[in-house]
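Novice: Residue numbers (this note's numbering): 1 to 342.
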Amino acid sequence: MSKINLKKLENQAKKDIKKAENLKELNLVFSRYLGKKGELNSVLRSLEKLSLKEKAKIGKKANFIKSFLKTEIEKKSSLIKEKERVQAEDWFDVTVPGKKITLGHLHPLTLARRKVEEIFQSMGFFVAEGPDMEKEWYNFDALNIPKDHPARDLWDTFYLKNGLLLRTHTSPVQVRYMEKNNPPLRIIVPGNVFRHEATDASHEFQLFQVEGLMVDREISVANLKAVVGQFFKSFFEKDINFRLRPDYFPFTEPSFDIAIECLVCRGKKCPACKETGWMEVAGAGMVHPNVFKNSGLIPAPLADGWQGWAFGFGLERMAMLKYKINDIRLFRSNDLRFLKQF
Ligand code: FA5
């Protein structure tokens with residue numbers, strides 16, 4: 001076999017390797033050129049008839065082509081295998097049922113907040129807002145709590161470097177709203193409040209409060225109790241026991257605390273209700289005349305027959321009772337095992 005024939009054989013083999021589309025075809029190429037009875041071996045066998053010089057020359061060339069083709073076939077084999085692997089991965093069986101997509105859902109406090117807003121809106125209340133960072137005036141002074149008054153100790157306050165503070169309750173929005181709006185008024189104010197206090201099963205340092213304010217002619221504690229009772233009934237979707245007891249707030253007179261019979265333990269006493277069977281959910285009372293005055297409603301509305309009542313309840317505590325949660329800290333723990341239940 002001449003040199004030219006060897007070159008031709010090499011070129012043809014290269015073309016065949018390139019053409020092979022799968023391992024079966026590639027194996028055939030291998031057998032055809034490199035197999036025992038393959039073309040290269042037959043070249044090597046035919047060398048016997050040649051002179052020593054030619055044997056050495058053509059034999060060297062044939063062995064070189066042999067190892068070159070072997071490498072090329074191996075390369076091609078890896079390429080085919082990789083291609084088949086990718087194709088297998090891309091393969092899509094339309095009949096296989098799809099994976100269920102896990103949908104996000106609302107946080108229990110958002111659910112509770114929305115429910116509260118819906119109930120009060122259905123009773124004609126407007127949803128108002130105020131800033132989380134508040135002036136001392138609105139958080140305290142305007143609410144009849146002058147500087148150095150011991151009542152400020154009721155609210156452990158985070159004071160900010162910019163001269164403001166993180167509001168400790170939603171009551172400042174009573175004043176902000178009455179500055180801009182004339183009675184009759186019916187509002188609720190849901191929002192964050194912050195208190196520099198230690199946490200336990202029923203206390204957090206950041207919580208949601210919902211303020212309620214109604215100013216109208218000849219309204220009394222009886223109206224407050226009726227509205228609150230109706231709200232509880234709609235929120236818990238059943239009749240529940242609640243009580244008003246005398247309390248003290250500088251911005252209401254008289255003042256009350258409102259407690260609900262603990263729904264976590266049904267009054268049997270548990271950590272959520274501090275073993276009392278009752279959970280305090282709100283402070284409330286008739287709006288103090290000084291608050292009207294500080295809001296710019298002068299002369300004092302009382303003179304004209306206007307009265308007002310207000311309440312402020314903790315949304316977490318309401319949600320604890322509704323969903324039977326025995327520790328307030330769970331709400332902001334970001335524990336998915338807890339959150340996934342809602
Ligand atoms: C107030 O904040 C008054 N502004 C409420 C008010 C409004 C009274 C209008 C009169 C008129 P108090 O500090 O008691 O009051 O808080 C009201 C409610 O917020 C409590 O009954 C409780 O449900 C909730 N609350 C207060 N502090 C915490 C706390 N650290 N963790 C969880 N809930 C709290």
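Glycine included, C-beta positions come from ideal geometry on N, C-alpha and C.
The structure presented is a predicted model; accordingly, all values stated were derived computationally and were not measured.
1. Assuming the contact rule is C-beta atoms closer than 8 Å, Val291 and Asn144 should be a hit. Round their C-beta distance to whole Å, please.
2. Assign Leu336 to one of two classes, buried (16 or more other C-beta atoms within 10 Å of its C-beta) or exposed (fewer than that).
3. Quick check on DSSP: helix, strand or coil for Ser220?
4. Alpha carbon to alpha carbon, how far is Ala62 from Ala88?
5. Using the three-state DSSP reduction, which class does Met123 fall into: helix, strand or coil?
6. For the structure I just gave you, are there three or more beta carbon pairs, one from the region 205-214 and one from the region 300-319, closer than 8 Å?
7. Around the C-beta of Tyr177, are 16 or more other C-beta atoms found within 10 angstroms, so that it is buried, or is it exposed?
8. Please report the distance separating the alpha-carbon of Arg348 from that of Gly267.
9. To the nearest angstrom, how far is the alpha carbon of Cys262 from that of Ala222?
10. Which residues in the same chain have their Cβ closer than 8 Å to the Cβ of His169, if we skip the five residues on either side of it in sequence?
11. Look up Phe242 in the DSSP assignment and give the residues it is bridged to.
12. Of the residues Ile260, His196, Lys322 and Asp132, which one's Cα is nearest the Cα of Ala276?
13. Within a Cβ cutoff of 6 Å, which residues of the same chain sit near Pro299, ignoring the five residues on either side of it in sequence?
14. Return the bridge partner residues of Ser255 from the DSSP annotation.
15. Starting from the Cα of Gly305, find the closest Cα among Arg217, Val127, Phe256 and Ile328 and give me that residue.
16. Where do the N-terminal and C-terminal ends of the alpha helix (DSSP H) with Leu52 fall, by residue?
17. Would you mind sorting Gln307 into buried or exposed? The rule is 16 or more other CB atoms within 10 Å of its CB.
Specialist: With the given structure in hand:
1. Taking the sequence shown and counting its residues from 1, one reaches residue 291 at position 291. Taking the sequence shown and counting its residues from 1, one reaches residue 144 at position 144. At roughly 6 Å, the Cβ-Cβ gap stays under 8 Å, so Val291 and Asn144 are in contact.
2. Against the sequence shown, residue 336 aligns to sequence position 336. Under this definition Leu336 is an exposed residue.
3. Within the sequence shown, residue 220 is the residue found at index 220, counting from 1. DSSP places Ser220 outside both helix and strand once states are collapsed to three, so it counts as coil.
4. Sequence index remark: in the sequence shown, residue 62 carries index 62 (1-based). Sequence index remark: in the sequence shown, residue 88 carries index 88 (1-based). If I take the Cα positions, the gap works out to 38 Å.
5. Here residue 123 refers to the residue found at position 123 of the sequence shown. Residue state, collapsed to three classes: coil.
6. Contact between the region 205-214 and the region 300-319 is present, because at least three Cβ pairs lie under 8 Å.
7. Numbered from its first residue, the sequence shown carries residue 177 at position 177. Tyr177 should be labelled buried.
8. Lying before the first or after the last residue shown, residue 348 is absent from the chain, which here runs from 1 to 342.
9. For the purposes of this step, residue 262 is identified with residue 262 of the sequence shown, where counting begins at 1. For the purposes of this step, residue 222 is identified with residue 222 of the sequence shown, where counting begins at 1. Taking the straight line from one Cα to the other gives about 23 Å.
10. On the sequence shown, position 169 is the one that residue 169 refers to. Excluding sequence neighbours, His169 sits near Asn139, Trp155, Val193, Gln209, Glu211 and Gly312.
11. For the purposes of this step, residue 242 is taken as residue 242 along the sequence shown, with counting starting at 1. According to DSSP, which records beta bridges pairwise, Phe242 is partnered with Ile260.
12. On the sequence shown, position 276 is the one that residue 276 refers to. The sequence as given places Thr at residue 276; Ala does not occur at that position. If we check each option's Cα against that of Thr276, Ile260 comes out closest.
13. Reading the sequence shown from its first residue, position 299 is the one you call residue 299. Here Pro299 scores only 48 on pLDDT, less than 50, and its place in the model should not be relied on; the value that follows carries that caveat. Nothing listed; no residue qualifies.
14. Locating residue 255 in the sequence shown gives position 255, where the first residue counts as 1. Asp247 and Gly285, per the DSSP bridge assignment.
15. For the purposes of this step, residue 305 is taken as the residue at position 305 of the sequence shown. Among Arg217, Val127, Phe256 and Ile328, the Cα nearest to that of Gly305 is on Arg217.
16. Working through the sequence shown from its first residue, we reach residue 52 at position 52. Per DSSP, the unbroken alpha helix (DSSP H) holding Leu52 starts and ends at Leu52 to Asp90.
17. Working through the sequence shown from its first residue, we reach residue 307 at position 307. Residue environment analysis places Gln307 among the buried positions, since at least 16 neighbouring C-beta atoms fall within 10 angstroms of its C-beta.
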